[in-house]
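According to the numbering used here, the sequence shown holds residues 50 to 113 in order. Here a beta-carbon is modelled for each residue, glycine too, at the ideal position from N, C-alpha and C. A quick note: this is a predicted structure, and the numbers were derived from the prediction, not measured.
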Amino acid sequence: MWDTTSDRKVLTYRHSALVSTVAWSAGERHFAFASGNKTIQVWNTIANLNLFTFYHTTPVRVMA
Numbered sequence: 050m051w052d053t054t055s056d057r058k059v060l061t062y063r064h065s066a067l068v069s070t071v072a073w074s075a076g077e078r079h080f081a082f083a084s085g086n087k088t089i090q091v092w093n094t095i096a097n098l099n100l101f102t103f104y105h106t107t108p109v110r111v112m113a
């Protein structure tokens, strides 16, 4: 994760497969990313905590 104000890396999130898409919540406290390992993970950016993992039958390419 990159802070555009300070122009530096803040956090690194690891994943077991290629991340295909990322979506932010309106308040920027949560984000979700989807990947080729058939999951969507929802994270809390303040606590740096994975809140949910949703499992799918095929790789997830897009989300809104």
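Report the rounded CA-to-CA distance for residue i versus residue j, giving the unit in angstroms.
i: Tyr104; j: Asp52; result: 29 angstroms
i: Val76; j: Leu100; result: Here residue 76 is Gly; the residue named in the question, Val, does not match the sequence. Those two C-alpha atoms are separated by around 16 angstroms.
Compute the distance between the beta-carbons of residue i and residue j, then report whether it is under 8 angstroms.
i: Leu67; j: Ser84; result: yes
i: Thr102; j: Gln90; result: yes
i: Ser69; j: Asn86; result: no
8 angstroms is my cut-off, CB to CB: does residue i come that close to chain D?
i: Phe101; result: No chain D is present in this structure, which holds just one protein chain.
Take residue i as the anchor and find which of the options has the nearest alpha-carbon.
i: Ala113; options: Ala81, Asn86, Thr88; result: Ala81
i: Arg110; options: His79, Leu98, His64, Val71; result: Val71
i: Leu98; options: Ser74, His79, Met50; result: His79
inquiry  = Check whether the region 60 to 75 and the region 86 to 96 touch, using three or more Cβ-Cβ pairs below 8 angstroms as the test.
reply    = Enough Cβ pairs lie closer than 8 angstroms, so yes.
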